[in-house]
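Top line first, the protein sequences correspond to chains C and S.
Numbering-wise (this note's numbering), the first sequence opens with residue 48 and increments by one.
Numbering-wise (this note's numbering), the second sequence opens with residue 344 and increments by one.
Reviewing the structure listed below.
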Amino acid sequence: MPKLIIGVLAVLLLAIVSLFIGVSDVTPMSLFSSSPEDRPMQVLLISRIPRTLALILSGSALAVAGLLMQMLARNRFVEPGTAGTVESAIFGILLITILWPASPLLAKMLAATVTALLGTALFMQILRRIPLRSTLMVPLVGIMLGGVIASVTDFFAYRLDLLQTLGTWQLGDFSSVLRGRYELLWIGALLVGIAWYAADRFTVAGLGQDFTTNLGLNYRRVLTLGLSIVAMVTATVVVSVGTIPFLGLIVPNLVAMAVGDNARRAIPWIVLLGAGFVLICDIIGRVIRFPYEIPIGTVFGVIGSALFLYLLLRRRPADA
Amino acid sequence: MPERSTSPGLSPRQVLIILAALAAVSITAFMVIGAKGSWGFVLPFRGTKVWGIAMVGGAIAVATVLFQTITANRILTPGIMGYDALFRLVRTVQIFFLGGLSYATFNAQLQFALETVLMVALSTLLFRWLFNRAARDLYLLVLVGIVFGVLFRSLAGLMQRLINPNDYAVLQDVMFAGFNTIDKSLLMVSTLAILGTGVWVWRLLPALDVLNLGRDNAINLGVAYRSVVSQVLIIIAVLVSVSTALVGPVTFFGLLVSNLAYMLIRSHKHALILPAAVLLAIISLIGGQVILERVFGFDSALAIIIEFVGGVVFIAMLLKGNRK
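In structure tokens, the structure reads:
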């Protein structure tokens, strides 16, 4: 427990740092020396606090969604981005943008949830067709499935001249987060709560259909609940801020290396590490080329894929 | 692995003749269909385009078949292993150190030569390191290759933004070509590079056929294995540099044409497979372009369609390979 408190403090510290980075002059000093109607306070309330909250919420939710996927697919290297979920969500957003151009964010999110769920279900169906699966083949099939779905999306976007719009969901970027445009992410927080509450069920479901039924649980219901949470979390994050590659894969794996596989014990750590990771990457993206910003999707693409490579190659060649 | 249902009675030579005829038809169709205005303008204009596309298609086809020969499988391709992304990263790094402004004034051919040399060195290093670590597990290799691709792309993206965040989009356009915007300044030097590697491959043909028997057999039969593989790696790096510089990355194209060639030719002779793959590449790129552009009016969606078909074929190959 005391370790967990240190973790919470570390994330809080990062959050505070994140609040005070930016072009506009917002420092603790300027906040105290000005009235609430003045610029520093307004910038803090409208832009900085929403951004920091959005970072924490999406980082932790994506990391937990990754953990759920890993338990349900029984594979360490699965996450929404390596199972076609993210690409399906983007396809859904594009679809509703075409059919209903002025749709509110909530409608987009719901459409993305539906397609994300369908895409993930398709992925799980393909997995069932592989009787003897190699651990590494599963994410491979998922990445390729994502690529196929993405090419369908690209095709429609290209035909309808929406490629540029598509880019905003494909590349994670928190720079446009403002008050009134991130609140959907709280749904993700709620879903993380549900996942924690039901963690043991997912652990059991991860042991297989027969085992789950033996213990008196409805396997299909647990699976559906889990996949729905994953789809919805992915949808809220993609709609609000875009994609952050491999986050859901790396965080649970790093946590498992440190505290083991017990989901109930791991989830608080995954939440903290997910939030902390995203905060750090966002801070790097904002500082490295100040006063410009580099989107977190790009920063995390570098760090995330490097860590993924480490996870893949750290095993000795002999037992690869 | 190849299904023998297709063209059961045709010998490899007959297949090659048919493919050559089809390639000629697609090229003619590309040159002639829908031409308005004076032939004096249309023919040279389209001719350069056909030339470029044929160069790229041939380069990708040969690079893929060679890569599959030295790695002894039919799923890995340079495109899937992140070679294209590596070339883009090399180009970005070069611009990063030269500075965006001098990049425009710098001699294009010289620049390209420098990039290719860097590409040869880096890709050979990467290949050696990777295959020493993970040679036994094909899935690990592919996955690592894909993730390296993401890493290279993100690094390139990061550096492009560091060079000039304001002109990010513009810079991307200037730096990288597409299927419809072939970089013409490099056409001459690319052709020379491709002809050079062609001669080189021709001289290696007997050794390549022996490599198909496996590493140990090849060594037993007197092939200087390490030296041949090193030479092939250099050839692949040059070919990938050429194709990526001209039109940018096309991940799955090589996978499609190489496997189609194995299926149609049903021989292990590189002297037959390589020309078949090149012809198939020309037919599908130029013929596909004709059908999409002139018949459906879809302009440059060809790359997207290749990604779609290639992805589906790749998944099918993975699942099929697993069932054995």
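Just so it is clear, CB atoms sit at the ideal spot from N, CA and C, and this is done for glycine as well.
This structure is a prediction, so every number in the text was calculated from the model and none was measured.
Task: Residue of 594/S, 400/S and 370/S minimising C-alpha distance to residue 386/S - done: Residue 370/S is the option with its Cα nearest to residue 386/S.
Open item on the list: Out of 169/C, 189/C, 238/C and 138/C, which one is the CA nearest neighbour of residue 210/C?
Closed with: Of the candidates 169/C, 189/C, 238/C and 138/C, the one whose C-alpha sits nearest the C-alpha of residue 210/C is 138/C.
Task: Buried versus exposed call for residue 80/C [16 or more other C-beta atoms within 10 Å across all chains shown] - done: So residue 80/C counts as exposed.
Open item on the list: Mapping the DSSP letters down to three states, classify residue 170/C as helix, strand or coil.
Closed with: Correct three-state label for residue 170/C: helix.
TODO: Report the three-state DSSP secondary structure of residue 255/C (helix, strand or coil).
DONE: When DSSP states are grouped into helix, strand and coil, residue 255/C belongs to the coil group.
TODO: Name, please, each residue of chain C whose Cβ falls closer than 7 Å to the Cβ of residue 385/S.
DONE: Simply none; closest approach about 26 Å.
- [ ] Kindly indicate the opening and closing residues of the alpha helix (DSSP H) around residue 134/C.
- [x] Residues 132–146.
Task: Whole-angstrom distance between residue 608/S and residue 353/C, CA atom to CA atom - done: Distance between the alpha carbons of residue 353/C and residue 608/S is about 40 Å.
Task: Distance, residue 438/S Cα to residue 56/C Cα - done: For residue 56/C and residue 438/S, the distance between alpha carbons rounds to 42 Å.
Task: Interface residues of chain C facing residue 497/S [CB-CB closer than 7 Å] - done: Residues of chain C whose Cβ lies closer than 7 Å to the Cβ of residue 497/S are, in chain order, 345, 348, 349 and 352.
Open item on the list: My assumption, with CB atoms under 8 Å, is that residue 429/S sits in contact with residue 619/S. Please give the rounded CB distance.
Closed with: Beta-carbon to beta-carbon, residue 429/S and residue 619/S are separated by about 28 Å, too far to satisfy the 8 Å threshold.
Open item on the list: I'd like to know whether the C-beta of residue 536/S is nearer than 9 Å to at least one C-beta of chain C.
Closed with: Taking Cβ atoms only, chain C never reaches closer than 9 Å to residue 536/S, which makes this a no.
TODO: Taking the CB atoms as reference points, tell me whether residue 111/C and residue 242/C lie closer together than 9 Å.
DONE: A contact, by the Cβ cut-off of 9 Å.
Task: Contact the region 131–148 of chain C vs the region 262–271 of chain C: 3+ CB pairs below 8 Å - done: Counting Cβ pairs under 8 Å, fewer than three are found: no touch.
- [ ] Classify residue 613/S as helix, strand or coil using the three-state DSSP reduction.
- [x] If DSSP states are grouped into helix, strand and coil, residue 613/S belongs with the helices.
TODO: Kindly list, in the order they appear in chain S, the residues whose Cβ is closer than 7 Å to that of residue 111/C.
DONE: What residue 111/C touches in chain S: nothing, since even the nearest Cβ is about 22 Å away.
- [ ] Closer than 7 Å by C-beta to residue 345/S: which residues in its own chain qualify, once you throw out the five before and the five after it? Chain order, please.
- [x] Bear in mind that the predicted position of residue 345/S carries a pLDDT of just 45, short of 50, making it unreliable; the figure below should be weighed with that in mind. For residue 345/S, where only same-chain residues beyond five positions count, the Cβ hits under 7 Å are 605, 606 and 609.
Open item on the list: On a Cα-Cα basis, can you pick out the residue from 455/S, 567/S, 570/S and 556/S that is closest to residue 411/S?
Closed with: Taking residue 411/S as reference, the option from 455/S, 567/S, 570/S and 556/S with the minimal CA-CA separation is 556/S.
Open item on the list: What does the alpha-carbon distance come out to for the pair residue 434/S and residue 328/C?
Closed with: Each residue's alpha carbon lies about 25 Å from the other.
TODO: State buried or exposed for residue 155/C, treating a residue as buried only when at least 16 other CB atoms are found within 10 Å of its CB.
DONE: Looking at its Cβ environment, which holds 16 or more other Cβ atoms inside 10 Å, residue 155/C is buried.
Task: Per-residue burial, residue 348/S [other beta carbons within 10 Å of its own, 16 or more giving buried] - done: Caution applies to residue 348/S, whose pLDDT of 47 falls short of 50 and renders its modelled position unreliable; the value that the coordinates give is listed next. Classification for residue 348/S: exposed.
Task: Residues within the region 592–614 of chain S neighbouring chain C, beta-carbon criterion of under 7 Å - done: Interface annotation for the region 592–614 of chain S against chain C: empty, criterion Cβ-Cβ distance under 7 Å.
Task: For residue 410/C, the three-state DSSP class (helix, strand or coil) - done: Since the first and last residues shown for chain C are 48 and 367, residue 410/C lies out of range.
Task: residue 299/C, enclosing alpha helix (DSSP H) - first and last residue - done: That run of the alpha helix (DSSP H) goes 294–306.
TODO: Report yes or no: do the region 198–209 of chain C and the region 648–666 of chain S share at least 3 C-beta pairs separated by less than 8 Å?
DONE: Flag = yes, the region 198–209 of chain C and the region 648–666 of chain S touch.
Open item on the list: Distance cutoff 9 Å, beta carbons only. Does residue 482/S sit that close to anything in chain C?
Closed with: Flagged as an interface residue toward chain C: residue 482/S, by a C-beta distance shorter than 9 Å.
- [ ] Go through its chain and collect everything with a Cβ distance to residue 326/C's Cβ below 6 Å, but skip five positions before and after it.
- [x] Counting only Cβ-Cβ distances below 6 Å, and skipping sequence neighbours, we find 61, 65 and 102.
- [ ] Return the chain-ordered list of same chain residues with a C-beta closer than 7 Å to the C-beta of residue 603/S, the five sequence neighbours on each side being excluded.
- [x] Contacts found: 623.
- [ ] Answer with yes or no whether the minimum CB distance from residue 422/S to chain C is below 9 Å.
- [x] Between residue 422/S and chain C, the shortest Cβ-Cβ separation is not below 9 Å.
Task: Straight-line gap, residue 86/C to residue 298/C (C-alpha atoms, nearest Å) - done: Taking the straight line joining both Cα atoms gives about 37 Å.
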